[in-house]
Every structure is written in C-alpha cells, then in structure tokens.
Amino acid sequence: MSGVLPALSTGEARKVALFAQGLLGPRSRGGPADMVRRLGGVQLDTISVLARSHELVAYARHGAVSRLEIEEAYWGPSSATFEYWSHAACVLPLHEWPAYAFKRRALRARGRRWHRLEDQAASCADVMRRLRDEGPLTARQLGGAKKGGTWWDWSEIKIAAEWLLDTGELACRERRGFQRVYDLSDRVIPAELRHDDWSDEQCAVALVAVAGHALGVATAADLAAYKGLPVKLVQKVVGDTDLEPVLVAGWGRPAYAMPGTADVLNRRLTSRSVALSPFDSLTWDRPRTERLFGFRHRLEAYVPRAQRQYGYFAMPVLGGTKLVGLVDPGRRGATLVAKQVTLRTTDAARHVASALGEAARWVGSHDIVIERVEPAERRAELDVCMAARA
Numbered sequence: 039m040s041g042v043l044p045a046l047s048t049g050e051a052r053k054v055a056l057f058a059q060g061l062l063g064p065r066s067r068g069g070p071a072d073m074v075r076r077l078g079g080v081q082l083d084t085i086s087v088l089a090r091s092h093e094l095v096a097y098a099r100h101g102a103v104s105r106l107e108i109e110e111a112y113w114g115p116s117s118a119t120f121e122y123w124s125h126a127a128c129v130l131p132l133h134e135w136p137a138y139a140f141k142r143r144a145l146r147a148r149g150r151r152w153h154r155l156e157d158q159a160a161s162c163a164d165v166m167r168r169l170r171d172e173g174p175l176t177a178r179q180l181g182g183a184k185k186g187g188t189w190w191d192w193s194e195i196k197i198a199a200e201w202l203l204d205t206g207e208l209a210c211r212e213r214r215g216f217q218r219v220y221d222l223s224d225r226v227i228p229a230e231l232r233h234d235d236w237s238d239e240q241c242a243v244a245l246v247a248v249a250g251h252a253l254g255v256a257t258a259a260d261l262a263a264y265k266g267l268p269v270k271l272v273q274k275v276v277g278d279t280d281l282e283p284v285l286v287a288g289w290g291r292p293a294y295a296m297p298g299t300a301d302v303l304n305r306r307l308t309s310r311s312v313a314l315s316p317f318d319s320l321t322w323d324r325p326r327t328e329r330l331f332g333f334r335h336r337l338e339a340y341v342p343r344a345q346r347q348y349g350y351f352a353m354p355v356l357g358g359t360k361l362v363g364l365v366d367p368g369r370r371g372a373t374l375v376a377k378q379v380t381l382r383t384t385d386a387a388r389h390v391a392s393a394l395g396e397a398a399r400w401v402g403s404h405d406i407v408i409e410r411v412e413p414a415e416r417r418a419e420l421d422v423c424m425a426a427r428a
C-alpha cells in the first residue's frame with residue numbers, strides 16, 4: 039500500500055455519509071428494524087412535537103411508515119433490540135449487548151448513581167425481588183418514578199432500577215406508553231450474548247466498526263462520540279477494523295471511511311427532501327454537522343423563549359445532499375403549523391415546501407400554516423412553492 043491516502047472533497051464526504059445513514063439512494067426494504075441495525079442505534083428523547091424523535095428518524099428514511107410498525111421494530115415481541123447508554127439513551131441492536139461490557143464495567147466500578155450507598159443495597163434488592171416474583175414492570179409499577187416535583191427528582195426505586203440497568207442486572211426491551219419496562223437480563227437477553235467477557239479493546243473494535251459503517255466517513259472523535267467511547271481507545275483500535283484511512287478536505291485531521299466508498303461516489307443516487315429530528319443520527323453531533331454541511335444549529339427546547347433563534351424544536355431540512363434550512367413545527371388539531379421556517383440556501387424554499395407537505399400527510403394534517411419566515415423577504419418565495427405543491 040502506498041503512503042498516499044485517498045482524498046475526499048467535503049461534497050464527497052457528505053455523499054458517503056448520507057448514503058451510510060440511509061438518506062441518499064434507494065430506501066431500505068427492511069423497514070425500521072433494518073434501520074436500527076444499519077445505524078447501530080436510534081437516540082430516544084421524551085419531546086414529542088410532530089412525533090417523538092425515534093419515530094421521526096424512521097420516517098426520514100422510510101417515508102410514511104406506520105407508527106405501529108416503528109414501535110414493533112423497536113419494542114415489539116419479535117424485535118431484536120435493547121435500550122442502553124450509547125452516546126445517549128438509545129435503542130440498540132440486540133447483538134451489540136456484549137460490546138457494551140466496557141461501559142457496564144465502568145459503571146459498576148463507579149459504585150452508584152447519585153443516591154446514598156446505604157440506600158442502594160436495599161432498594162436494588164427490592165427491585166430484583168419484585169421483578170423476579172412479578173415479571174417485567176415499569177418504574178411506576180415498581181413504586182413510582184418520581185418523588186414529586188421537578189422531572190429529575192427520581193424516587194429511590196427508580197434510581198435503583200436505572201442503576202441495575204446501567205450495570206446489566208436488568209435490561210429494557212419493551213416500553214409501555216413510552217415508559218421503560220424493566221426485566222431481569224437473565225430472562226430477556228439470550229444466553230449466548232449475556233456476558234461481559236470482551237475486553238475494552240474488543241468492545242471498542244466492534245463498536246468502532248459499527249460507527250464507521252453508520253457514519254460513512256468519520257474522524258476518531260466522530261467514531262468515539264457516536265458510540266460513547268473514549269477517543270484514545272478508538273485511536274488504539276481503529277486499525278483493527280475494516281475502516282479505511284482517508285483525508286477529507288478542510289477537516290485537518292485523519293479520517294476513516296467505510297469499505298466501498300469509491301463505489302458509492304461513482305453511483306447516481308436518488309435524494310429526498312425531508313425534515314430531520316434534531317436528535318437524528320445525522321445531525322445530533324453538532325461539530326460534525328457543521329464540518330460536513332457548514333450548518334450550525336442547536337436544540338433550543340431548553341433555551342428561554344425570548345432567546346430562541348430558530349424555535350423550540352427546530353428540525354433541520356435535508357434537501358438533496360445539503361441541509362438547506364430549519365422548520366420549527368407544531369400542530370393545532372388537524373393543521374400542521376410551521377411556527378418558524380428558516381431558509382439557509384438559495385433553493386431552500388422548494389425543499390422546505392416538499393418536506394412540509396410530506397410530513398403533513400404522514401401525521402394526518404389536512405392543512406399547513408406557516409407563521410414566520412426568516413429572512414422575512416423570502417416569504418413570498420416559500421408561499422409560491424407551497425402553492426405549487428397544494
């Protein structure tokens with residue numbers, strides 16, 4: 039092998055990344071279940087505007103897929119998933135359970151969450167006994183998720199259940215009304231997967247490979263962030279995966295591409311116009327999003343209303359191979375409301391109009407109302423595009 043690494047332009051890196059993410063090229067025929075495997079996990083969040091984030095991720099890749107099909111893929115009786123901490127709380131492919139041994143060991147070594155150690159043993163024993171005797175239960179069924187008050191004010195039972203989930207004694211493979219259902223790992227994780235035998239390095243090799251194939255092209259820091267790994271560990275093991283070293287113009291650091299990158303670049307691939315969840319696997323890593331797309335944004339749900347620039351749940355809009363703008367959506371009855379539309383590129387209006395029309399049909403909205411457009415002088419342009427799609 040020569041010492042000259044393959045070089046990609048930023049546009050080529052975007053094409054590879056979008057293909058890897060299932061957002062460029064033909065839609066997968068495997069549905070949401072296949073998508074979870076392809077992405078190596080889907081981030082969860084409690085915010086629900088048009089839909090919950092995990093539903094939006096599936097919609098972006100599969101179009102008007104039914105919510106029942108999404109729920110069945112993530113938590114149905116035949117699903118092959120579990121919930122755990124990756125870069126955040128995620129639904130993960132079941133076969134990845136052994137690869138998170140590094141994190142379960144690290145959490146056990148920490149010894150506790152934030153509760154008192156003297157309370158921990160009794161609370162954990164009570165949770166284990168209840169689940170063993172009564173079967174899978176939600177935190178509410180175990181005795182309450184909260185003490186009352188602010189949303190993070192968990193009860194001791196909820197803390198104990200989460201601690202046992204952290205360390206692998208419990209697992210979550212089901213939700214009821216978007217509440218986690220806790221069960222004994224011995225009951226719900228297949229015996230051949232239910233071990234922590236892999237070393238940290240073996241875990242990292244497996245997870246870095248997953249991240250590399252899901253991201254398409256990535257730096258070591260990108261790979262680490264995607265699966266919640268230490269960067270130094272990624273740098274140590276990336277050479278043991280099938281990822282190929284490349285250079286990406288403007289990145290200023292080594293990068294790694296999935297096998298078959300040249301083939302992807304040589305193909306003509308179908309694109310789409312779609313609004314993405316802020317927690318979508320393509321966009322949640324803000325520094326990477328800016329590096330790939332020249333697109334800067336942040337989730338403003340927890341920003342005071344007066345200080346928001348783009349809106350409470352501003353969704354980036356993908357148009358072809360670019361992020362062209364943002365839409366902050368809402369619903370009033372059967373009307374989809376775009377509380378703010380931000381147009382970033384010259385062709386953003388047509389992509390936003392297409393994305394809004396498709397989203398409205400998916401959620402069953404009969405009308406679309408656009409309240410505010412930024413910059414304001416492009417309002418007429420967007421109105422024309424919306425009318426053309428009516």
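Heads up: the sequence shown runs through residues 39 to 428, numbered per our numbering.
Ideal Cβ placement from N, Cα and C applies to all residues, glycine included.
Checklist entry - Under the DSSP definition of a beta bridge, which residues are partnered with S161? => result Taking the sequence shown and counting its residues from 1, the one referred to as residue 161 is at position 123. S161 pairs with nothing; no bridge assigned.
Item to check | Residue of E212, A339, A428, T321 minimising C-alpha distance to P354 | outcome: For the purposes of this step, residue 354 is identified with residue 316 of the sequence shown, where counting begins at 1. The shortest Cα separation from P354 among E212, A339, A428, T321 belongs to T321.
Checklist entry - When the distance is taken between beta carbons, is H389 closer than 7 Å to S319? => result Translated into positions along the sequence shown, residue 319 becomes position 281. Translated into positions along the sequence shown, residue 389 becomes position 351. No, Cβ-Cβ distance for S319 and H389 is not below 7 Å.
Checklist entry - Of all the alpha helix (DSSP H) runs that stay within the bounds of the region 306 to 361, which reach a length of 4 or more residues? => result 324 to 331
Item to check | Whether D260 touches R326 by CB criterion (7 Å) | outcome: Here residue 260 corresponds to residue number 222 of the sequence shown, with the count starting at 1. Here residue 326 corresponds to residue number 288 of the sequence shown, with the count starting at 1. Yes. Within cutoff.
Item to check | Residues near R399 in its chain [Cβ-Cβ closer than 8 Å; skip 5 each side] | outcome: The residue labelled residue 399 in the question sits at position 361 within the sequence shown. Closer than 8 Å at the Cβ level, and outside the excluded window around R399, lie A102.
Next on the checklist: Measuring only the C-alpha atoms, how far is E50 from E207?
Outcome noted: The sequence position of residue 50 within the sequence shown is 12, counting from 1. The sequence position of residue 207 within the sequence shown is 169, counting from 1. Those two C-alpha atoms are separated by around 44 Å.
Next on the checklist: Short of 7 Å in beta carbon distance, which residues of its chain neighbour L43, apart from the five on each side in sequence? Order them along the chain.
Outcome noted: For this step, residue 43 is matched to residue 5 along the sequence shown. Hits under 7 Å: P283, V284, L285.
Checklist entry - What three-state label does DSSP hand L381 in the structure shown? => result Here the question's residue 381 lines up with position 343 in the sequence shown. Reduced to three states, the DSSP call for L381 is strand.
Checklist entry - Can you name the start and end residues of the beta strand (DSSP E) that L271 belongs to? => result Here residue 271 refers to the residue found at position 233 of the sequence shown. Taken as a continuous stretch (DSSP letters only), L271 belongs to no beta strand (DSSP E), being part of the alpha helix (DSSP H) at 269 to 275.
Next on the checklist: I'd like the span of the beta strand (DSSP E) that includes P70, first residue to last.
Outcome noted: Numbered from its first residue, the sequence shown carries residue 70 at position 32. Where P70 is concerned, there is no enclosing beta strand (DSSP E), although the alpha helix (DSSP H) it sits in stretches over 69 to 77.
Item to check | Under the three-state DSSP convention, the category P136 falls into | outcome: Here residue 136 corresponds to residue number 98 of the sequence shown, with the count starting at 1. Three-state DSSP puts P136 in a helix.
Next on the checklist: Could you check whether V379 and I408 sit closer than 7 Å to each other, using their CB atoms as the reference points?
Outcome noted: Numbered from 1 along the sequence shown, position 370 holds the residue referred to as residue 408. Numbered from 1 along the sequence shown, position 341 holds the residue referred to as residue 379. In this structure, V379 lies closer than 7 Å to I408 by Cβ.
Checklist entry - Quick one: what's got a C-beta closer than 7 Å to A57's C-beta in the same chain, skipping five residues either side? => result The residue labelled residue 57 in the question sits at position 19 within the sequence shown. Looking at the sequence itself, residue 57 is Phe, so the reference to Ala does not match. Closer than 7 Å at the Cβ level, and outside the excluded window around F57, lie G63, G254, V302, L307.
Checklist entry - Which residue from V422, E121, G68 puts its Cα closest to that of Q217? => result As a working note, residue 217 is residue 179 in the sequence shown. Comparing Cα-Cα distances from Q217 to each of V422, E121, G68, the minimum goes to E121.
Item to check | Same chain, Cβ closer than 8 Å to D235, five either side skipped, listed in chain order | outcome: The residue given as residue 235 occupies position 197 in the sequence shown. The answer, listed in chain order, is P136, A139.
Checklist entry - Along the chain, where does the alpha helix (DSSP H) that runs through A372 open and close? => result Your numbering for residue 372 matches position 334 in the sequence shown. Taken as a continuous stretch (DSSP letters only), A372 belongs to no alpha helix (DSSP H), as it is neither H nor E.
Next on the checklist: Within 8 Å, do at least three Cβ pairs link the region 339 to 353 to the region 286 to 299?
Outcome noted: no
Item to check | Closest Cα partner of G215 within the set A177, D278, R369 | outcome: In the sequence shown, residue 215 corresponds to position 177, counting from 1. Closest option to G215, Cα to Cα, is A177.
Checklist entry - Going by DSSP, what residues sit across from G363 in a beta bridge? => result In the sequence shown, residue 363 corresponds to position 325, counting from 1. Answer is V355, L381.
Next on the checklist: Please tell me whether Y112 has its Cβ less than 7 Å away from any Cβ of chain D.
Outcome noted: The question asks about chain D, but that chain is absent: this structure has only one protein chain.
Item to check | Contact under 7 Å by Cβ, R416 with L381 | outcome: For the purposes of this step, residue 416 is taken as residue 378 along the sequence shown, with counting starting at 1. For the purposes of this step, residue 381 is taken as residue 343 along the sequence shown, with counting starting at 1. L381 is positioned such that its CB atom lies closer than 7 Å to that of R416.
Next on the checklist: According to DSSP, R148 sits in a beta bridge with which residue or residues?
Outcome noted: Taking the sequence shown and counting its residues from 1, one reaches residue 148 at position 110. R148 is not bridged to any residue.
Next on the checklist: Below 8 Å, how does it come out for the region 69 to 84 and the region 359 to 377: are there three or more Cβ pairs, yes or no?
Outcome noted: The region 69 to 84, when compared against the region 359 to 377, does not touch it at the 8 Å Cβ threshold.
Next on the checklist: For L203 and C210, what's the separation of their Cα atoms in angstroms?
Outcome noted: Within the sequence shown, residue 203 is the residue found at index 165, counting from 1. Within the sequence shown, residue 210 is the residue found at index 172, counting from 1. Per the coordinates, the alpha-carbon of L203 lies some 8 Å from the alpha-carbon of C210.
Checklist entry - Straight-line CA distance for G332 to D323? => result One-based indexing of the sequence shown puts residue 332 at position 294. One-based indexing of the sequence shown puts residue 323 at position 285. If I take the Cα positions, the gap works out to 13 Å.
Item to check | Residue burial classification, V422 (beta-carbon count within 10 angstroms, cutoff 16) | outcome: Here residue 422 corresponds to residue number 384 of the sequence shown, with the count starting at 1. That one is exposed.
Item to check | For E282, the three-state DSSP class (helix, strand or coil) | outcome: Mapped onto the sequence shown, residue 282 falls at position 244. It is a strand residue.
Checklist entry - So, Q81 versus F317, is the Cβ gap smaller than 7 Å? => result The residue you call residue 81 lines up with position 43 of the sequence shown. The residue you call residue 317 lines up with position 279 of the sequence shown. Their beta carbons are under 7 Å apart, which means Q81 touches F317 by this criterion.
Checklist entry - Whole-angstrom Cβ separation of D238 and L281, contact assumed at under 8 Å? => result Taking the first residue of the sequence shown as 1, we reach residue 238 at position 200. Taking the first residue of the sequence shown as 1, we reach residue 281 at position 243. So it is not a contact: roughly 19 Å between Cβ atoms.
Next on the checklist: Let me check one thing: in DSSP terms, what residues is Y264 bridge-paired to?
Outcome noted: As a working mapping, residue 264 is identified with position 226 in the sequence shown. Paired residue(s): none; Y264 is not in a bridge.
Item to check | Nearest to S309 (by Cα), restricted to the options A45, S47, A55, L46 | outcome: Translated into positions along the sequence shown, residue 309 becomes position 271. The residue with the shortest Cα to Cα distance from S309 is A55.
Checklist entry - Rounded C-beta distance between L180 and D221? I'm assuming under 8 Å. => result Residue 180 sits at position 142 when you count from the first residue of the sequence shown. Residue 221 sits at position 183 when you count from the first residue of the sequence shown. In fact, because the Cβ distance is near 12 Å, the residues do not count as touching under 8 Å.
Checklist entry - Near A244, what residues of its chain come up, given a Cβ to Cβ distance below 7 Å and the 5 sequence neighbours on each side ignored? => result Position 206 of the sequence shown, counted from the first residue, corresponds to residue 244. So the list reads A137, once near-sequence residues are dropped.
Checklist entry - For F57, which of helix, strand or coil comes out of DSSP? => result Reading the sequence shown from its first residue, position 19 is the one you call residue 57. Reduced to three states, the DSSP call for F57 is helix.
Checklist entry - Across which residues does DSSP place W123 in a beta bridge pair? => result To locate residue 123, count along the sequence shown from 1; it is residue 85. DSSP output for W123 lists A127 as bridge partner(s).
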